[in-house]
Every structure is written in structure tokens, then in C-alpha cells.
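Sequential numbering of the sequence shown, starting at 1, is according to full-length UniProt numbering.
Here the structure is laid out as C-alpha cells; the discussion comes afterwards.
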Amino acid sequence: IDVFLARSLLEKLYLFQYPIRPASMTYDDVTHLSAKIKPKQQKVELEMAIDTLNPNYCRSKGEQIALNVDGTCTDETSTYSSKLMDKQTFCSSQAASNVSRYAAAVYKKGELHLTPLHGILQLRPSFTYLDKADAKHREREAANEGGDSSQDEAEDDVKQITVRFSRPETEQARQRRVQSYEFLQKRQAEEHWVHLHYYGFKDSRSEHERQYLFSQGHGLAENTELIKSPSEYLMMLMPPSVEEENDKPMAPSNVLSMAQLRTLPLADQIKILMKNVKVMPFANLMSLLGSGTDSTAVLRCIQQVAMLVQGNWVVKSDVLYPKDTSSPHSGVPAEVLCRGRDFVMWKFTQDRWVVRKEVAAVTKLCPEDVKDFLEHMSVARINKGWEFMLPYDEDFVKKHPDIVQRQHMLWMGIQAKLEKVYNLLKEHLTPKKQEAQSAHPLLVSGEQRVNMAKAKVKQNYGQLEKEFQKQKVEMKSNDTSAKMDVSNICIKEEPVSDEEPMDTSAYEGMNNGIVNGLHAEEDSMDSLNGHLPGGCIDRVAQELKAFVSSTFKKQFVLTLSELKRLFNLHLASLPPGHMLFSGISDKMLQDTVLDTGCKQILVPFPPQTAASPDELKVYALWEAGDTYDQHRQVLLEIFSKNYRVRRNVIQNQLSQECGEDLNKQEVDRVLK
């Protein structure tokens, strides 16, 4: 069969589909049929006649619908002038977004003529006449319920108008408004309808237009696109799948394909790769950047976003935690996070192993943040600690000694900064030997600790027994006494010998009663770090009182749980060695709250509440020195009797106690 491509109706031919069409509808009666289109949206509305004489047509229903829509009066605005639903409106929707695969075919005398379709529209019944009927019904109800006196009508016309001045629209707000559904609907409604003329199937104009479905020139010279080699023809029949840009699914904001990555500048490519991978050997980085990339340029760019650790490149902390950001776990600012992560990176320049407990003790950060740092560049090993993720890259160190020397100087500067900030001791600065680490596990179980303690007791007991026997022999030799009073012997609890001091390393970190400076037990009065001198206690109390006072002036009402959380955040922002790190118990914190003019509000929470005891303790600032002190005190008294109160009860109580009527804004301010 010869195939011809007809071009006369190119970009003009549409296919209309009618998934739902009543059996009483016919295409023959065109006197009452009209059509209109919005070309840009490819939206069509057709008004088709309904055969009211068809036996499938229910006349009573048609009359009832016409009466509901138009009412009893008939004029030019009536939808159904015959007082009968004798027509139906169809509205279109696009059946397919890409119709380039579809064509209309006409077969005639052994020839197949194809005309590409410009659009496929599905027409479904439109029920806007029901909206019109509802509007008529509401108008009638409003007319029946309207007031009789003209005075009432005049009062209805008077309405208060609030004038507001709109703020200048930002570019981001404008983009959101342009992409909103409401704006798109408004844009679509602004396009005007273009009214069309309908020609029936047997009309002469339809016959004339139908001839354009056939190709006008049958000569092969005019169909050069069909004269192809077999391979080209196969390529035309089955082209390679090239997805349109609009049809591509939106990738997450943190995902970038390698094809998109290589369109960016070299510095941006390296920054994105390091930010996602975090630790990478130089050889792997060169393989990801593609062949032909200059290694010198890569080395110049990598030093701006990464630091050299054991011959591998680790992304810089300020790249992961930009300025003005905070921790998702604790809310600690980015500056404190960068400092803590730099300490972890520096520790890995000294040794392949890092102990999480030691990092947390030095940086004073929450466990989640410390775990994030370690997971960026290391792997946890049972009973050993955290080992650096990649092996030492000797090849890079040998090939680029100048880079290694420059990075060493940078680490020396970072080390000096960390020593000043964290007051690092000598034990933190000297790297531990690998043999010692492998011989003694860094993480000891509870059973092992008990066995070690028993062994130490036996060892110390044996030493004391030897001393006792030695002393006994000496006394016998001197003949000072025939008998010896055992009660006079004082057995020491700890050996003071310089040769073998008691090892307490196994018990380090067992005291978990303090978290960021707050004692876990409420009744604990003393600091976990020992008793403080008298002058230091006064300074700690003053610092704590200043924090509590400033916090309650901002918040007014806080639970003990929230106050402890804010205090921990405050501790994290302080420099290491601050006096508040001496250990503040819950009781000391609560006493300070009461000393600063606050009161505990005994809110009667329900017995079945799931809140913790710290969340049930509520403290409030009783006198702030502003005009709302009396109102605030009345409100706190109300909540001391019931944990849930209606707003009108609060407003009535405030007006009764304070002797003045508060407006809505003032009540809102007191409640807030």
C-alpha cells in the first residue's frame, strides 16, 4: 500500500471524542448548535441540540430543569427559551499532551493518506446550568428574607470600609503568585472566546474541506522525506526515546545528574561533589570530573572547599554548615558546629582512631551532632571507637609534597585556634600509639569493668598484706613487743606508691548524671565537678540569675523542661572553661528562678497526661514592670484552677478583676 502524507490541514485538524453522550442527542439538527474556541488553551465549547421527540427523552424532567434554571419569566438571558431543556453544552479537555504520534488516515483506491493531528480533545457534558439554578434559588431566598422597612435597607447599604496599603511585591512573592492556581485560572478566563460556524456532515463546505485529507501531489518528488535508506526509514519509524524537558520528573533539590553537573564550572562541580561525598581520594575525584580535566586546576579548586586528612580530601566544615544556619538537632549556631567538626578532622590527622566520648567532652556538643561529624568521615568499630573511612593515600602524598606541606601549615593554624578555644591538654595534643590502642579496648562493657575492679582490689590487698608482714617482721626483730595490736594498724584505702598508682581509666565516663552542665537528679545540691570556692559560687549564681532573668523577660512562661533546653543551648554557645560548666543542678536552677521574681504555677493537668514531670512544672514571671502585670497575674490565677479555659471566661474575668474593658487586641497580647 502506498502511503502519502497530506499537509493541507497541518496544525488545523483536531479529533473530538465524546466519551459520554445521551442517546437522545443527534447531529442532524444543527439549527440550535453553536461552537466557540479559545485557541491558545485549545479549549472548545459545543452546544448541541437534544431530540426532545426521542422516546428516550423525559419531558417532565426537561421542563423541571428549565424552570429551575430560568424561572417563570422568559427573556433574552434565558438559557432555555422553549421552557424545555432542548440542548446540552459540551466542554473540552486535552486527552493527550503530545499528539505528534497520531494522525487521521483515509484509505482510497489502494492509497493511504495520513494527516497529522494537531490536538485530541475529549468533550464531556458541562453542568454550569445547575450553578445558575442554585444562584436563582439563593436570590429567591434572599428576597423572601429581606427586611420590609426602607430604613433597614438604608442601614444595610452603609458598610464600614477598611483601607489598607499594599506593600511592594518582592520577586519571590511575584513568582509564587504567577505559579498559583488562582492566577492561572484568571489568565485562562481572560482569553476571549472565538465563535465558530458549524457545518454539518452533508454540507458542501464540509465536502470541500474533506478533500484536504488527501495528499494534493502524488509524485515521489514532492514526498522526498519518504525516499530514505532502510536504516534511516527504521530510525524514522522507531526514533530514539528523547524525553521532552517538560515531561521530565522534577528531581529533588539535593540531586544533580552527572550530565547536569558537567555543564557547571569546575569549581562548582568540585564543591557539589565534595558536599555530597564528604570524603574522597584525589584519584576518584579526577575520574568523576571526566577525561581531559587539568589536575592542576582541580588541585587549585579542591583546596578551597576541602582539607587534606591522611592523604584524602575531606570537605570543609563551613561548606557543610554555612553562616547563619544552625544544627537540626540542638539548634547550635553554625560557628560552634564548624569548630567541633574541625576538632574531629584535626584528631584524624593525628591518628586513625577517635573516641566519641572524648570528642563530646571537649566540644560540649550534643551526641547527635558529634555522631554526624564522625559519620561524615569515619566508621564505628565495636570496642575500638571510630576509624577513618579511607586508607592512607601514599600515592598522593608522594606525588604532591608541596600540597601536603601547605595543608600541614593550615592544620598547624587550626590546631593553635583549637588549643585556644577548647583549652586542650597535652593528652589531647599527643597522638596515641596504635599498639596501645589495639591492646586495650576503648569501649569496656559493664562486666569487664566489675572484673577489672575486683582484680585491682585483690592486687591492692596483696600489696597491703606484704607491707603488713614486712612491718610485723621488723617489729619482731627489734623486740619492741611480743604481741601486736591489730587495731593500731591503719590500712590505706588507696596505695600512694609512685610505682603503681590506681588505674581509674576504666571508670571514666560512667557518671552520666550531667548533660551539658545540668544535673539529672533534682535533689542533688552539689556540682558533679566538686565543691566550688565561695567567691566562684557567687559568680556562678550571678551568671545563672542573669540568664534566667533575661530568658523570662522574653518568654514570661516556661516549663522546667523547656528552661533546661534553653540553658543547654546557652551553655553550647559559651566558650570552653566558662564558670557555668561547673555543673548546675535542677534544684539550683529552680531556686534561681524563684529568686528572680518568678512563681511556680500549679496547673491542674489531667491525671492521664503523658507529659514528663519536668513538663508539668510551670514557672511564670510574676512582675515584669509593664502595664500588663495585673492582667498577667489574673490570667495565671485562672490557669492555676484549670488547665483549659474558654476565651470569653478569660475576658470576663480580666474585666471584672481589673475594672476595665479590654479590647480584643489587648486580650490577645496578654494571652500571647
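Glycine included, each C-beta is placed from N, C-alpha and C at the ideal position.
Fair warning: this is a prediction, and the values are worked out from it, not measured in the lab.
_Pick from A572, P328, I584 that is closest to V540, judged by C-alpha positions_ = Within the sequence shown, residue 540 is the residue found at index 540, counting from 1. Residue I584 is the option with its Cα nearest to V540.
*Would you decide whether T551 is buried or exposed? Buried here means 16 or more other CB atoms lie within 10 Å of its CB.*
Within the sequence shown, residue 551 is the residue found at index 551, counting from 1. Answer is buried; the Cβ neighbour count reaches 16.
_Within the continuous alpha helix (DSSP H) that includes R187, where are the two ends?_
For the purposes of this step, residue 187 is taken as the residue at position 187 of the sequence shown. Run containing R187: 181 to 190, per the alpha helix (DSSP H) assignment.
*Considering W411, what are the terminal residues of the alpha helix (DSSP H) in which it resides?*
Indexing the sequence shown from 1 puts residue 411 at position 411. First-last of the alpha helix (DSSP H) with W411: 401 to 422.
*How far does the beta strand (DSSP E) with G119 in it reach, from first residue to last?*
Within the sequence shown, numbered from 1, the residue matching residue 119 stands at position 119. Segment 119 to 125, the beta strand (DSSP E) holding G119.
*With DSSP as the reference, please indicate the residues paired to A35 in a beta bridge.*
Here residue 35 refers to the residue found at position 35 of the sequence shown. Looking at the DSSP output, A35 sits in a beta bridge with L46, L196.
*Are M48 and Q94 closer than 7 Å when you measure CB to CB?*
By 1-based counting over the sequence shown, the position of residue 48 is 48. By 1-based counting over the sequence shown, the position of residue 94 is 94. No. Outside cutoff.
*Expressed to the nearest angstrom, what Euclidean distance is found between the alpha-carbon atoms of V450 and K456?*
Locating residue 450 in the sequence shown gives position 450, where the first residue counts as 1. Locating residue 456 in the sequence shown gives position 456, where the first residue counts as 1. So the alpha carbons of these two residues sit roughly 10 Å apart.
_Alpha-carbon spacing of V496 relative to L464, whole angstroms_ = Taking the first residue of the sequence shown as position 1, residue 496 is located at position 496. Taking the first residue of the sequence shown as position 1, residue 464 is located at position 464. Any reading at V496 needs caution, since the residue's pLDDT is 41, under 50, leaving its predicted position unreliable; the model's value is listed next. Approximately 11 Å, taken between the alpha carbons.
*Counting only the same chain and skipping the five closest in sequence on each side, list residues whose C-beta sits under 6 Å from that of S317.*
Along the sequence shown, read from residue 1 onward, the residue named residue 317 stands at position 317. The residues are C338, R341, D342.
*CA-CA distance, V163 and V603?*
Residue mapping note: residue 163 aligns to position 163 of the sequence shown, counting from 1. Residue mapping note: residue 603 aligns to position 603 of the sequence shown, counting from 1. When rounded, the distance between both Cα atoms is 43 Å.
*Three-state secondary structure (DSSP) at H578?*
Your numbering for residue 578 matches position 578 in the sequence shown. H578: coil per DSSP, three-state reduction.
*Compute the beta-carbon to beta-carbon distance between G385 and V355, rounded to the nearest angstrom, for a pair I have assumed lies under 8 Å.*
Translated into positions along the sequence shown, residue 385 becomes position 385. Translated into positions along the sequence shown, residue 355 becomes position 355. 5 Å between Cβ atoms; contact.
*Name the two residues that bound the continuous alpha helix (DSSP H) containing P613.*
Against the sequence shown, residue 613 aligns to sequence position 613. Looking at the DSSP string, the run of the alpha helix (DSSP H) that includes P613 is 613 to 616.
*asked:* Tell me whether Q405, by its Cβ, gets closer than 6 Å to a heavy atom of the ligand FAD.
replied: Although the ligand FAD was asked about, the structure shown includes no ligands whatsoever.
*Using a threshold of 7 Å, state whether the C-beta atoms of Q160 and Q17 are closer than that.*
By 1-based counting over the sequence shown, the position of residue 160 is 160. By 1-based counting over the sequence shown, the position of residue 17 is 17. Going by C-beta atoms, Q160 is not nearer than 7 Å to Q17.
*To the nearest angstrom, report how far apart Y392 and S378 are at their CA atoms.*
The residue you call residue 392 lines up with position 392 of the sequence shown. The residue you call residue 378 lines up with position 378 of the sequence shown. Approximately 13 Å, taken between the alpha carbons.
*K564 versus K271, K587, L654, residue with shortest Cα-Cα distance*: Stepping through the sequence shown from its first residue, residue 564 is reached at position 564. Selected option, being the one with the closest Cα: K587.
_With a threshold of 6 Å on Cβ separation, who are the neighbours of L621 within its own chain once the five nearest residues in sequence on each side are excluded?_
Your numbering for residue 621 matches position 621 in the sequence shown. Hits under 6 Å: F552, F556, C598.
*If you count every other CB in all the chains shown that lies within 10 Å of the CB of T128, and 16 or more means buried, which is it?*
Looking up residue 128 in the sequence shown gives position 128. Exposed, because fewer than 16 other Cβ atoms sit within 10 Å of the Cβ of T128.
*Just the C-alpha distance for A439 and V362, rounded to the nearest angstrom, thanks.*
Locating residue 439 in the sequence shown gives position 439, counting from the first residue. Locating residue 362 in the sequence shown gives position 362, counting from the first residue. A caution first: A439 carries a pLDDT of 37, below 50, which makes its placement in the model too unreliable to give a value.
_Beta-carbon spacing of I601, S640 below 7 Å_ = By 1-based counting over the sequence shown, the position of residue 601 is 601. By 1-based counting over the sequence shown, the position of residue 640 is 640. Yes.
*Measuring alpha carbon to alpha carbon, tell me which of L264, Q211, R300, Y102 ends up nearest G290.*
Taking the first residue of the sequence shown as position 1, residue 290 is located at position 290. Out of L264, Q211, R300, Y102, L264 has the C-alpha closest to the C-alpha of G290.
*Per-residue burial, D247 [other beta carbons within 10 Å of its own, 16 or more giving buried]*: Residue 247 sits at position 247 when you count from the first residue of the sequence shown. Bear in mind that a pLDDT of 49 at D247, under 50, signals an unreliable position, so the model cannot answer this.
*With a Cβ-Cβ cutoff of 7 Å, do L273 and L288 count as a contact?*
Your numbering for residue 273 matches position 273 in the sequence shown. Your numbering for residue 288 matches position 288 in the sequence shown. Yes, these two residues count as a Cβ contact at 7 Å.
*Take the Cβ of K433 as the centre, count every other Cβ of all protein chains shown within 10 Å, and call the residue buried at 16 or more, exposed below.*
The residue given as residue 433 occupies position 433 in the sequence shown. The predicted model places K433 with a pLDDT of 47, which falls under 50 and marks its position as unreliable; any figure quoted below should be read in that light. So K433 counts as exposed.
*Three-state secondary structure (DSSP) at Y619?*
Along the sequence shown, one-based indexing puts residue 619 at 619. It is a strand residue.
*asked:* Does the structure place the stretch 56 to 75 close enough to the stretch 130 to 144 that three or more beta carbon pairs sit under 8 Å?
replied: yes
*May I have the straight-line CA-CA distance separating K664 from K672, to the nearest angstrom?*
In the sequence shown, the residue the question calls residue 664 occupies position 664. In the sequence shown, the residue the question calls residue 672 occupies position 672. The straight-line gap from Cα to Cα measures roughly 12 Å.
*In angstroms, rounded to a whole number, what distance separates the CA positions of R644 and E637?*
Residue numbering aside, residue 644 sits at position 644 when the sequence shown is read from its first letter. Residue numbering aside, residue 637 sits at position 637 when the sequence shown is read from its first letter. The straight-line gap from Cα to Cα measures roughly 13 Å.
*Using DSSP with H/G/I as helix, E/B as strand and the rest coil, what is I584?*
Working through the sequence shown from its first residue, we reach residue 584 at position 584. The answer is strand: DSSP assigns I584 an E or B state.
*Grab the span of the beta strand (DSSP E) containing Y107 for me, first residue to last.*
Counting from one through the sequence shown, the residue named residue 107 turns up at place 107. Taken as a continuous stretch (DSSP letters only), the beta strand (DSSP E) holding Y107 covers 103 to 108.
*Taking the alpha carbon of R187 as the point to measure from, which residue in S126, H329, S166, Q41 has its own alpha carbon closest?*
Along the sequence shown, one-based indexing puts residue 187 at 187. Here the closest residue by C-alpha is Q41.
*Starting from the C-beta of V593, find all residues in its chain whose C-beta is less than 6 Å away, skip the five residues before and the five after it, and write them out in chain order.*
As a position in the sequence shown, residue 593 is number 593, starting the count at 1. Cβ within range, chain order: V548, Y619.
*May I ask you to report which of helix, strand or coil DSSP gives S93?*
To locate residue 93, count along the sequence shown from 1; it is residue 93. Residue state, collapsed to three classes: strand.
*asked:* Please state the DSSP three-state secondary structure of Y14.
replied: As a first step, residue 14 is located in the sequence shown; it is residue number 14 there, counting from the start. Strand, per DSSP.
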